[in-house]
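Here the protein sequences line up with chains X and Y, keeping their order.
For the first sequence, this note's numbering begins at 66 and goes up steadily by one.
For the second sequence, this note's numbering begins at 66 and goes up steadily by one.
Glycine included, C-beta positions come from ideal geometry on N, C-alpha and C.
All of these numbers come straight from a predicted model, not from anything done at the bench.
Structure first, then comments.
There are 2 protein chains.
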Amino acid sequence: MAGRSVARQAGPGGVPEVVVMRLPQYIRVLSSLMAQGVNIVSSQRLGEILQVTPAQIRKDLSYFGRFGKQGRGYRVRHLIMELKEIMGLDRRWNVVLVGVGRLGRAVLSYPGFAPEGFHVVAAFDADRRIIGRTVGNLKVQPVEELDETVMERGIGIGIVGVPGPHAQGVVDRLVGAGVKAILNYAPIAAQAPDGVKVRNVDPVLALQTMTFYLLGEDDEA
Amino acid sequence: MAGRSVARQAGPGGVPEVVVMRLPQYIRVLSSLMAQGVNIVSSQRLGEILQVTPAQIRKDLSYFGRFGKQGRGYRVRHLIMELKEIMGLDRRWNVVLVGVGRLGRAVLSYPGFAPEGFHVVAAFDADRRIIGRTVGNLKVQPVEELDETVMERGIGIGIVGVPGPHAQGVVDRLVGAGVKAILNYAPIAAQAPDGVKVRNVDPVLALQTMTFYLLGEDDEA
DNA sequence: GCTTGTGAAGACCTTCACAGCA
DNA sequence: TGCTGTGAAGGTCTTCACAAGC
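Laid out in structure tokens, this is it:
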């Protein structure tokens, strides 16, 4: 490949977070198209699939560079590679897991992480009965060793798989250890300082944001 | 495909969707406060906990009514009840599950749904080897019976727990059956017509939206 | 002809700031 | 005095519309 002049120019204020949230979706769809043998795609077509306007796709991409060819569209394979590089998805990410109960074990056995470059390389728990056991190739370590492991291995991502009441404490601990991104499975609105990203995996919350739209003509005050 | 790309639908009363997304969070925090014995809370304090501005909380609530007392704040118990009613979270919701493989069984055994009023009352699969088996009190039905069950029982919510390649087909089927809200566990950007809400539970996507912020001073032209 | 990239316009959401009331 | 509720201001994001280029 030629020029590596992909400008991740965080302008004044940087790239809007909504844009960063959409790019992985674009990558997904593009990958699916590539698997179908599609070589070129227009913003029009992409927009139809993703149900967003073509202008939005073009504007989103324009934050990072110029990837298309006028009159033709985007080369699917090329755009995937560019976007993956921009998002840091062209590399391996080591991840730590805290909480090896029901939820944590489900995380460890989830087959979707590794193919996308996310590898759980250490697991921690506070429960003496679990510590030392081997779960999915990993020996469960005491949470006290979290800091050391995170720093030694330069890990930036943590997964919280403990029950709700313990989750904020675990988040604090991960933040203290230097983690900069947290995937939280606990049903709480975890707080983290600026500079630490938190994303929640919370099916109940997801359902709760939809029921509003299911209400018919009900009571009115 | 025609460009009828409508992107903004206002819910009942024209409430912004972002607001609807936040209210369940408010309910969570309020419930936690109530459990701690807090009776009254100000938008200031709520904002500190949720890390949003007090003005946003007050504005959000103002879409639905006037729930506070000037000079005092909000009665926690009262506000929870009001918000739950507004969001339709003061009632029971019956839900159907499609896909009773690894993912689907995890959904069935997840203990978090029922306490919040979401009850999986029927489970479907296309695999003959699974159909007829009993999983978590439910007899797995053939997907062919989906329409009938959804219509008969007036079900509005469906959960998609099938592998990615089958997910869109299942979404279409749920939509056809009349479901108006879909919780999708498959790693795809599922498409549904206007009027049908889709929320994704997708840990990989969540991770992929954070790595961007973990990139240091790397390649730069 | 067709599609990108992009200033400008517009829509939407958030924050401000203060009147009003307990 | 303290805090809500809200019109208005301010920002941010989305969409438009068109010049440029394949």
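With respect to the beta strand (DSSP E) encompassing Arg140 of chain Y, which residues constitute its N-terminal and C-terminal limits?
Numbered from 1 along the second sequence, position 75 holds the residue referred to as residue 140 of chain Y. First-last of the beta strand (DSSP E) with Arg140 of chain Y: 138-140.
Within its chain, find whatever has a CB closer than 8 Å to the CB of Val244 of chain X; leave out the 5 residues flanking it on each side and keep chain order.
To locate residue 244 of chain X, count along the first sequence from 1; it is residue 179. Cβ within range, chain order: Val161, Val215, Ile220, Gly221, Ile222, Gly223, Val261.
Would you say Arg110 of chain Y reaches chain X, if we count a Cβ-Cβ gap shorter than 8 Å as a contact?
By one-based count along the second sequence, residue 110 of chain Y stands at place 45. Chain X contact via Cβ: absent.
Give every residue of the same chain whose Cβ lies closer than 7 Å to the Cβ of Arg140 of chain Y, excluding the five residues on either side of it in the sequence, and list them in chain order.
The residue you call residue 140 of chain Y lines up with position 75 of the second sequence. These residues qualify, in order along the chain: Asn104, Ile105.
Determine the contact status of Ala257 of chain Y and Tyr278 of chain X, defining contact as a CB-CB distance below 8 Å.
The residue labelled residue 257 of chain Y in the question sits at position 192 within the second sequence. The residue labelled residue 278 of chain X in the question sits at position 213 within the first sequence. Result no, Cβ atoms of Ala257 of chain Y and Tyr278 of chain X do not sit closer than 8 Å.
Quick one: which residues of the stretch 115-140 of chain Y get their C-beta closer than 7 Å to a C-beta of chain X? List them in chain order.
The residues in question are Leu115, Gln116, Gly130.
Determine the DSSP secondary structure at Val71 of chain X, reduced to helix, strand or coil.
In the first sequence, the residue the question calls residue 71 of chain X occupies position 6. With a pLDDT of 36 at Val71 of chain X, under the threshold of 50, the modelled position of this residue cannot be trusted; read the value that follows with caution. Val71 of chain X falls in the coil class under three-state DSSP.
Any idea which residues DSSP pairs Pro207 of chain X with across the strands?
On the first sequence, residue 207 of chain X is found 142 positions in, with the first residue counted as 1. Answer is X:Asp190, bridged to Pro207 of chain X.
How about the stretch 196-205 of chain X and the stretch 168-175 of chain X: do they share at least three Cβ pairs that are nearer than 8 Å?
The stretch 196-205 of chain X is in contact with the stretch 168-175 of chain X.
Could you check whether Arg157 of chain X and Gly182 of chain X sit closer than 8 Å to each other, using their CB atoms as the reference points?
Translated into the one-based positions of the first sequence, residue 182 of chain X becomes position 117. Translated into the one-based positions of the first sequence, residue 157 of chain X becomes position 92. Contact: yes.
According to DSSP, Asn159 of chain X sits in a beta bridge with which residue or residues?
For the purposes of this step, residue 159 of chain X is identified with residue 94 of the first sequence, where counting begins at 1. Bridge partners of Asn159 of chain X: X:His184.
Taking 8 Å as the CB-CB limit, is Val266 of chain X close to chain Y?
Working through the first sequence from its first residue, we reach residue 266 of chain X at position 201. Cβ-Cβ to chain Y under 8 Å: yes for Val266 of chain X.
Report yes if the C-beta distance between Val94 of chain Y and Ala254 of chain X is below 8 Å; otherwise report no.
Reading the second sequence from its first residue, position 29 is the one you call residue 94 of chain Y. Reading the first sequence from its first residue, position 189 is the one you call residue 254 of chain X. Result yes, Cβ atoms of Val94 of chain Y and Ala254 of chain X sit closer than 8 Å.
So, with DSSP's three-state summary, where would you put Val254 of chain X?
Position 189 of the first sequence holds residue 254 of chain X. Looking at the sequence provided, one finds Ala at residue 254 of chain X rather than Val. Ala254 of chain X falls in the coil class under three-state DSSP.
Quick one: is Glu150 of chain X buried, meaning 16 or more other Cβ sit within 10 Å of its Cβ, or exposed?
Numbered from 1 along the first sequence, position 85 holds the residue referred to as residue 150 of chain X. Glu150 of chain X comes out buried.
Along the chain, where does the beta strand (DSSP E) containing Val103 of chain Y start, and where does it finish?
Numbered from 1 along the second sequence, position 38 holds the residue referred to as residue 103 of chain Y. Val103 of chain Y -> no beta strand (DSSP E), and no H or E assigned at all.
Using the beta-carbon of each residue, which ones in chain X are nearer than 7 Å to Gln256 of chain Y?
Position 191 of the second sequence, counted from the start, is the residue given in the question as residue 256 of chain Y. The contacting residues are Gln116.
Between which two residues does the beta strand (DSSP E) containing Val225 of chain Y stretch?
Numbered from its first residue, the second sequence carries residue 225 of chain Y at position 160. Where Val225 of chain Y is concerned, the enclosing beta strand (DSSP E) stretches over 222-225.
Could you spell out where the beta strand (DSSP E) holding Val263 of chain Y opens and where it closes?
Residue mapping note: residue 263 of chain Y aligns to position 198 of the second sequence, counting from 1. Per DSSP, Val263 of chain Y belongs to the beta strand (DSSP E) from 262-265.
Ala246 of chain Y touches chain X at which residues, Cβ-Cβ below 8 Å?
In the second sequence, the residue the question calls residue 246 of chain Y occupies position 181. Chain X residues near Ala246 of chain Y: Leu272, Met275, Thr276, Tyr278, Leu279.
Please list, in chain order, the chain Y residues whose beta carbon lies closer than 7 Å to that of Met216 of chain X.
Reading the first sequence from its first residue, position 151 is the one you call residue 216 of chain X. Here the premise fails: no neighbours, minimum Cβ distance about 15 Å.
Take Ser96 of chain Y as the anchor and find which of Y:Val84, Y:Glu82, Y:Leu111, Y:Val80 has the nearest alpha-carbon.
Counted from its first residue, the second sequence places residue 96 of chain Y at position 31. That would be Y:Leu111, whose Cα lies nearest to the Cα of Ser96 of chain Y.
With 16 other CB atoms within 10 Å as the buried threshold, where does Gly133 of chain X fall?
Taking the first sequence and counting its residues from 1, the one referred to as residue 133 of chain X is at position 68. The residue is buried, with at least 16 neighbouring Cβ atoms inside 10 Å.
Between Met152 of chain Y and chain X, is any beta-carbon pair separated by less than 8 Å?
As a first step, residue 152 of chain Y is located in the second sequence; it is residue number 87 there, counting from the start. Answer yes: the Cβ-Cβ gap between Met152 of chain Y and chain X drops below 8 Å somewhere.
For Ile134 of chain Y, which beta-bridge partners are listed by DSSP?
On the second sequence, residue 134 of chain Y is found 69 positions in, with the first residue counted as 1. The sequence shown places Lys at residue 134 of chain Y, not Ile. In the DSSP output, where bridge partners are listed per residue, Lys134 of chain Y has Y:Gly138.
Can the beta-carbon of Arg125 of chain Y be found less than 8 Å from the beta-carbon of Arg87 of chain Y?
Within the second sequence, the letter at position 60 stands for residue 125 of chain Y. Within the second sequence, the letter at position 22 stands for residue 87 of chain Y. Position check: residue 125 of chain Y holds Asp in this sequence, whereas Arg was assumed. Yes, these two residues count as a Cβ contact at 8 Å.
Identify the residues that DSSP records as bridge partners of Ala246 of chain Y: which are they?
Numbered from 1 along the second sequence, position 181 holds the residue referred to as residue 246 of chain Y. DSSP lists Y:Ile222, Y:Lys262 as partners of Ala246 of chain Y.
Within the same chain, show all residues whose beta-carbon is closer than 7 Å to that of Leu272 of chain X, passing over the 5 residues directly before and after it, in chain order.
Working through the first sequence from its first residue, we reach residue 272 of chain X at position 207. Same-chain partners within the cutoff: there are none.
Quick check: what's the CA-CA separation for Gln121 of chain X versus Ile196 of chain X?
Within the first sequence, residue 121 of chain X is the residue found at index 56, counting from 1. Within the first sequence, residue 196 of chain X is the residue found at index 131, counting from 1. If you take the alpha carbons of Gln121 of chain X and Ile196 of chain X, they lie about 49 Å apart.
Does the beta carbon of Arg73 of chain Y come closer than 8 Å to any beta carbon on chain X?
Here the question's residue 73 of chain Y lines up with position 8 in the second sequence. The predicted position of Arg73 of chain Y is uncertain, since its pLDDT is 31 and thus under 50; no value can be drawn from it.
Chain Y partners of Arg93 of chain X, CB-CB under 8 Å?
What you label residue 93 of chain X is simply residue 28 of the first sequence in a count that begins at 1. Those within 8 Å of Arg93 of chain X in chain Y are Pro252, Ile253, Ala254, Leu270.
Since Val117 of chain X sits in a beta bridge, which residues does DSSP pair it with?
Reading the first sequence from its first residue, position 52 is the one you call residue 117 of chain X. BP columns for Val117 of chain X are empty, so no partner.
Tell whether a beta-carbon distance below 8 Å holds between Val163 of chain Y and Val117 of chain Y.
Within the second sequence, residue 163 of chain Y is the residue found at index 98, counting from 1. Within the second sequence, residue 117 of chain Y is the residue found at index 52, counting from 1. Not a contact, by the Cβ cut-off of 8 Å.
What does DSSP give as the partner residue(s) for Val200 of chain Y in the beta ladder?
Against the second sequence, residue 200 of chain Y aligns to sequence position 135. DSSP lists Y:Leu203 as partners of Val200 of chain Y.
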